[in-house]
Each structure stands twice: as C-alpha cells, then as structure tokens.
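Visitor:
Number of protein chains: 2
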Amino acid sequence: MRGRLVPILAALQPIWLRRCFQTTSTLRSFSNQIIKSPSLLSLDLADSWSSTSKQSDSSPIQENTNNWTAKIIDGKAIAEGIRSRIASEVSRMKELIGQVPGLAVILVGQRRDSETYVRNKTIASEEVGFKFKMIVFPENCTECEVCNALCRFNEDPSIHGILVQLPLPQHLDEAKILNVISLEKDVDGFHPLNIGNLAMQGMEPLFVPCTPKGCIELLLQSGVEIMGKKAVVIGRSNIVGLPTSLLLQRHHATVTVLHAFTKNPEKIAREADILVSAAGVPNLVRGSWVKPGAVIVDVGTNPIEDRRSEHGYRLIGDVCFKEATRIASAITPVPGGVGPMTVAMLLCNTLESAKHAFNFT
Amino acid sequence: MRGRLVPILAALQPIWLRRCFQTTSTLRSFSNQIIKSPSLLSLDLADSWSSTSKQSDSSPIQENTNNWTAKIIDGKAIAEGIRSRIASEVSRMKELIGQVPGLAVILVGQRRDSETYVRNKTIASEEVGFKFKMIVFPENCTECEVCNALCRFNEDPSIHGILVQLPLPQHLDEAKILNVISLEKDVDGFHPLNIGNLAMQGMEPLFVPCTPKGCIELLLQSGVEIMGKKAVVIGRSNIVGLPTSLLLQRHHATVTVLHAFTKNPEKIAREADILVSAAGVPNLVRGSWVKPGAVIVDVGTNPIEDRRSEHGYRLIGDVCFKEATRIASAITPVPGGVGPMTVAMLLCNTLESAKHAFNFT
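For the record, the sequence lines run as chains C and G.
Be aware that the first sequence starts at 1, since it is given in our numbering, and climbs by one per residue.
Be aware that the second sequence starts at 1, since it is given in our numbering, and climbs by one per residue.
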C-alpha cells in the first residue's frame, strides 16, 4: 500500500501548487505598483450565504516524501524590489516638490534585538532617501520624557512617520505612550482606531501594521491565493498575530487564531493551507504541525546564542525549517523572510503618509 | 457494533456536561452583580508558550441518540433577572442623586424587524425606570437630518446612551452616521475605536457591543466554560460576528470565523465546542454541523411569513432547532434566547454610562 502511495503523491504535488499559486499573469498586472496589496476598501465583498453547505476542496492528507523541498519565499529579494520602487518615488518627489518623507524612531534601552531592528530601519530609510531622526533613551527613562519627544515629532512637519521600537521596558505604559503618536503619523498602525478600522467591514485604516502587511505582500507576490483558504495564525499579539488574522480575514481566508490556551494546536495547525507563526517560540512548529502543500509564513525572530556569529547570537524562526520544508509547498526563511518585509512596509507606510501630507500623487 | 455503541454513548454524556459546565459555586459568587461578565481588563493573561504540543481533550465523534435533548438556555429568564437588578440600581440612583439613566433611539424607515426591536427596547427601557427618547425618520430622510438629531442627543446631559437602529436604508452612509455618536454615549459599542480596544490585549473598550456581550453572558450564566474551548462563529458582521469572535478570544477560546467564502463550513462547525451562528440564514446550521455535546448560541433572527402569527410573520434562527437539540448539550432558542439578552445588555451599558456620567457607584 505504501509503495503504491508514492507515485500517487508525486502526481498530486502539482495540484497543491496549482491550488496555492495564482498564474503569473496576475503578478504582471501589478508590476507598476510599489506593492501588490490591493486597497483594503476593495476587499469588502458582500457576504451572500446560502443554506446549502459548500464542498471542501481540501487535499487528502499525504505522507512526507523526502525528495520534496518547499519553495523558499525570498523576502529579502521581494523587499529589495519594493525598496527600489520606493527610492524611485522619493527621487520623483524630491525633483517635483523639493520634499522627502521623514521617519522618526524612538528606542528605549539596549535590547539587542531592538537595536538590530532599529539599525536595519535606519539603513533602509537612508538608502531610499528618507530624512531620518532617532532618539535613544536609557532603560530607566520616564514616560514623560518619551511622550515629550513624541509630541515634538507630532508637530514636526518634516516627519511623516513616527515609531516607538517595542517592547518597551516594563515600567513604561506602552498603550499610553503609543496613544500619544498622532494618528496621521502612526505608520506602525498600532493605534486602536487603526486596528478597529482594520477589523471592521466597510472601514479603512490609515495604515496597516507593517509586519502583517509584509506577510500578506509575501503571499501575494509569491502568487499564493488567500480567498477561501484555511489560515491559521499562531499567536495573538497586538503587533503581529491579531492584525495578521484580521488582514487575512479581509482577504477572505477562513481564519483560526491559536494561542497559549489552545488545546492541541498541532492538530489545528495541520489543517491550515496558510500557516502564519508569530508565537516567538523557537521550533514550536514541527513538521507534524504542517499540512502537506501548506504555505508557511514564519514571523518568529528568536535570538539564540551562537559564538560563531558576529554579534554572539543569531535569529531563528518559530518553525522547524528542516522538517517543514519537506512538507510545505512554500516557506519564508528566518532571517530573510518576513523581517526585510517589515522594514519595506514601514518605508511604504511612511511614503504614503508623506504623499498624503504633501498632497503628492 | 451499533448496538454496542449506545451504552457507551450514554455513559459519555455526563463527560460532555462536566466539560462544558462549571460548578454552580462559581455562579453563586457573582450573584450580587448585575451580570456575570468579568471586567475585560482582568482577561489579559500572559501568553506563555511552550515548545511541547498540548494534548487534545476533544471527545470522539458520536452518533445521534434520539432520546437526547439539549438543555434550552432560557435567555428570557436570564434577561429578566438582569433587568430586575438594573431596575433596583435605577431606583437607588434616583433615591440617592435624583437622576436616572437616559436612552435615545433613532429609527429610520419601517422595516418590520427594526420596529419590533425598537418596540422591545422602548418597553424594557421604561420598565427599568430609564428616561427614553425616540426619533423616527421616514425612509427617504437625509444623512444631515439624522446627524443633526444625533448631535442634539450628544449634547443632551440627560441622555447617556444613543443608538441608531440598524440596518439603515442604503442611501445613508452607516459608518459616517455612527461616527457622529459621542464615544461616551455609544452604548452599542460600534465605534471603530471601541472595536479596536475590544480586539487588543491590554486595552479596554468603553462599551462591549450588546449582542456579543449577551451571548457571552448567556454562556457564563449557564455555567459554560469558555477558556480553551474551540469556538466557531458563523458570520463576520461588524455588529455581531466580528465582536463576538473578539470577545470569545478575550475569554481565551480558540476562535474560527466562518463566512460566505469559507469552504466546507459544515466540517469546521462540527469541530466547535461552542458554536455561535450569526449568518442571518434560516436553518443554515443543520444537525450535521453540530458536534455532539456542543453548546449552540443562535443569534439569527430571521422573519418568515406566518399567517397564524399576530404580525403575519414569526422569527426563526439560523439553526435547525429540532435537529440541533438532539446533538448539542445546550442551545439558545429563537425567540427567547439572544434577543432578550441584547436588550438587557443595552440597558446594562446605558446604566454604566449614566453611573460614569454622574460619578455614581
């Protein structure tokens, strides 16, 4: 029986791919835009229910075939393409109106992962021609100091995007601080009003949070169809899990959110056509969590000690990459997957904000 | 084989019940409060993940046993209890500070279901001793007329809750109109900022939307444990499906939202320990959609023609009641389930708003 399964499985592989990937012609039609993500407004289709239950198109569960390797979704390359298109837009803006977008970042303390993220944002921001301002506060700074700095950025007309690198030290009230950021400059999109508008049909947030927007963009640019697919999001953080689940739902996936109180997450994850992990736990998602042919987006960036590495540590994802590549049809690597996309989407949101401020089209 | 299954199934029934229902001692500890729903703030538990996958406690799928009948969750009785406690609070308020809560309703057009809902709200509001104001606009009224009326209610210090009966006629911009309602008087909780705060960990909405709050209250008052349960919400409307899914997630259920683009909704629904249907499709949820022992909350209120009825129609739910009662462990009826709870929660939110406005504890 087992011997007979192998050729059947081999024959089925193109079907997974046909199901999960759109034709390249769709890709081409977006080539003149900076990103593929469509206007959120256009995603509001009418929910027209019928009493008859619909048929499933889910493939039968299939066993590992050791010679199968998932397509690696190259976030670095996709992000580079986006950054290059942003740089062109910034040049055009400078040439036509003598202005460039401005991004301001506040960093508190010396978390090594936060420092890495901010360094990447600084480099990327300067590369595309943005004006960049940064304030670094010591770990023991006061809420008042951070809020005052934010107020100055709010009033600065040369700044179009403001972000506070999270997480903040525990003595600072994150919600209170984030609330100080002017809605028009909240390029991280973490304001509750933005999240509410992202969640609700018929509404449109000013900015879609960067990492979730990056995840969707990776799927779209890889030709993965989202509508009608079963999506499982592992983690429900305000900055990744929650907005990613809302965004996937906007794209008409059937979304389940797993969290630490979920019973048997492995079984639920294994039903996902699209599996997004944002739990922050190294190797949480083993091969047995993956449905054959699934597309995996690994948002985890977990620092683990590595003496051979330049900084004494390296980043690994939530997903056991070796096991998952034998089962999934496509997967984002860590590093080089979602990380570069988060930065690209931050630039994208800041550019949008500047265009709006300057009434530049 | 079939013959042998019956005694096994009979023996298993108490296990479903033990799993789904808390002990009554928990119930008693809340008896001096108006409702059982805890403060949302306290629901933010830390997500502590571990790499080891957790074991499932899901029961094996079981066949119908025709002699089994689900417990009917009596929304009317539960709502009456809540309304009676609200009336006591209003008396106390009147006695101590000479004030009562005020509720204002705007109704546009002559939809018979909307008229029924508004009639119920009027009666309930007056019964508990609220001040009640209503404006009825004709179907062809302008956005401006509705907004002006809302502004007057916003400024009226004797009004603490304002609601616009939905749906509005198509020529009116629902989002724009709802946005006019002062956040402090948005007792329906439909403002995007409220929804954002409901969705986000560490945040707290001013008001939880009435129908979702009523659904959770029905579960809690019936002793149904939510944490760790698989919940499926059918429908993703801004006023029921979306906020119900967010609220269930706040109570640490593992939530999946089904919508019109979901493939094989029947299969997914059948995995739910708690099944909430808010699709607005009569008899959408057949017996085959229900997991044995599940708890069903039927939010559907679909008017169907009935010449024997006083108004020429009667309301039925989304769930095929006859089939579901043979499989579920508990179910809310239509009418008499969620409907009365929606009204009770509206009164509850308005009382909270008035208490806040008068600084009355």
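We treat Cβ as the ideally placed atom computed from N, Cα and C, and that holds for glycine.
Would you kindly check if the distance between the Cβ of Pro335 (chain C) and the Cβ of Ile72 (chain C) is under 8 Å?
Guide: no
Visitor: Based on DSSP bridge pairs, tell me the residues matched to Ala303 (chain G).
Guide: It is Pro, not Ala, that sits at residue 303 (chain G) in the sequence shown. BP columns for Pro303 (chain G) point to G:Leu315.
Visitor: Can you name the residues that DSSP bridges to Ala330 (chain C)?
Guide: C:Lys71, C:Val295
Visitor: Can you give me the Cβ contacts of Thr52 (chain G) inside the same chain, cut-off strictly under 8 Å, excluding the 5 residues immediately before and after it?
Guide: Model confidence at Thr52 (chain G) stands at a pLDDT of 39, short of 50, so the residue's coordinates are unreliable; what they give is reported in the following sentence. The answer is none, since no qualifying residue turns up.
Visitor: Are the beta-carbon atoms belonging to Ala87 (chain C) and Ala344 (chain C) less than 8 Å from one another?
Guide: no
Visitor: With distances taken Cα to Cα, identify the nearest neighbour of Pro243 (chain G) among G:His160, G:Phe190, G:Thr254, G:Glu143.
Guide: Nearest C-alpha to Pro243 (chain G): G:Phe190.
Visitor: Just the chain G side, please: which residues come within less than 7 Å of Ala175 (chain C) by C-beta, in chain order?
Guide: Gly202, Met203
Visitor: Does any CB atom of chain G fall closer than 8 Å to the CB of His252 (chain C)?
Guide: yes
Visitor: Indicate the three-state DSSP secondary structure (helix, strand or coil) for Leu218 (chain C) in the structure shown.
Guide: Leu218 (chain C) sits in a helix when the DSSP states are folded into three classes.
Visitor: If you measure from the beta carbon of Ser51 (chain C) to each beta carbon in chain G, is any gap under 8 Å?
Guide: With a pLDDT of 44 at Ser51 (chain C), under the threshold of 50, the modelled position of this residue cannot be trusted; read the value that follows with caution. Taking a beta-carbon distance threshold of 8 Å, Ser51 (chain C) counts as an interface residue toward chain G.
Visitor: Look up Ala272 (chain C) in the DSSP assignment and say whether it is helix, strand or coil.
Guide: coil
Visitor: Could you work out which residues of chain G lie near Gln249 (chain C), taking near to mean beta carbons separated by less than 7 Å?
Guide: Arg236, Val257
Visitor: Between the C-alpha atoms of Gly129 (chain C) and Thr301 (chain G), what's the straight-line distance to the nearest angstrom?
Guide: Going by the C-alpha atoms only, they are around 56 Å apart.
Visitor: At a threshold of 7 Å, does Pro167 (chain C) count as lining the ligand SAH (C-beta to nearest heavy atom)?
Guide: By its list of ligands, the structure shown contains no ligand whatsoever, and the ligand SAH lies outside what it can speak to.
Visitor: Closer than 8 Å, CB to CB, is Lys133 (chain G) near chain C or not?
Guide: no
Visitor: I think Val136 (chain C) touches Leu107 (chain C), with their Cβ atoms under 8 Å apart; what is that distance to the nearest whole Å?
Guide: Yes, they are in contact, since the Cβ atoms of Val136 (chain C) and Leu107 (chain C) sit about 5 Å apart, within 8 Å.
Visitor: Confirm, please, whether the CB-CB distance from Ile274 (chain C) to Thr256 (chain C) is below 8 Å.
Guide: no
Visitor: In this structure, does DSSP put Ser31 (chain C) in helix, strand or coil?
Guide: Confidence at Ser31 (chain C) is low in this model, with a pLDDT of 37, below 50, so the placement of that residue is unreliable and no value is reported for it.
Visitor: Does DSSP put Leu346 (chain G) in a helix, in a strand, or in coil?
Guide: Under the three-state reduction of DSSP, Leu346 (chain G) is assigned to helix.
Visitor: Of all the CB atoms in chain G, is at least one closer than 8 Å to the CB of Phe261 (chain C)?
Guide: yes
Visitor: If we cut at 8 Å on Cβ distances, does Ile296 (chain G) have a partner in chain C?
Guide: no
Visitor: With a threshold of 6 Å on Cβ separation, who are the neighbours of Phe153 (chain G) within its own chain once the five nearest residues in sequence on each side are excluded?
Guide: Excluding sequence neighbours, Phe153 (chain G) sits near Ala104, Ile159, Ile162.
Visitor: Contact between the stretch 229-244 of chain G and the stretch 270-284 of chain C is defined here as three or more beta-carbon pairs at a separation below 8 Å; is this criterion met?
Guide: no
Visitor: Between Leu193 (chain G) and chain C, is the shortest Cβ-Cβ distance under 8 Å, so that the two count as touching?
Guide: yes
Visitor: Indicate whether at least one CB of chain G lies closer than 8 Å to the CB of Ile216 (chain C).
Guide: So no, Ile216 (chain C) is outside the interface.
Visitor: Pairing CB atoms from the stretch 88-96 of chain G with CB atoms from the stretch 351-359 of chain G, are three or more of them under 8 Å?
Guide: yes
Visitor: Got a sec: is the Cβ-Cβ distance from Ala199 (chain G) to anything in chain C below 8 Å?
Guide: yes
Visitor: Since Leu242 (chain G) meets chain C, which of its residues come closer than 8 Å, beta carbon to beta carbon?
Guide: Ala199, Met200, Gln201
Visitor: Along the stretch 263-278 of chain C, what residues have a CB closer than 8 Å to any CB found in chain G?
Guide: Lys263, Asn264, Pro265, Glu266, Lys267, Ile268
Visitor: Would you mind working out which of G:Leu218, G:Lys230, G:Leu178 sits nearest Lys364 (chain G), comparing C-alpha positions?
Guide: Residue coverage of chain G in this structure runs from 1 to 361, which leaves residue 364 (chain G) outside it and unanswerable.
Visitor: What's the gap between the Cα of Met341 (chain G) and the Cα of Leu193 (chain C)?
Guide: 27 Å
Visitor: Between Leu246 (chain C) and Gln201 (chain C), what straight-line distance do the alpha-carbon atoms span, to the nearest angstrom?
Guide: Cα to Cα, Leu246 (chain C) sits roughly 10 Å from Gln201 (chain C).
Visitor: With distance defined between alpha-carbon atoms, name the residue in G:Ala278, G:Asn283, G:Thr211, G:Asn264 nearest to Leu347 (chain G).
Guide: G:Thr211
Visitor: Ordered along the chain, which non-local residues of its own chain (more than five positions away) have a Cβ less than 6 Å from that of Ala278 (chain G)?
Guide: Gly235, Val240, Gly241, Val299
Visitor: Work out the CA separation of Asn359 (chain C) and Thr350 (chain C) for me, nearest whole Å.
Guide: 14 Å
Visitor: I'd like to know whether the C-beta of Gly317 (chain G) is nearer than 8 Å to at least one C-beta of chain C.
Guide: Using a CB distance cut-off of 8 Å, Gly317 (chain G) does not count as an interface residue toward chain C.
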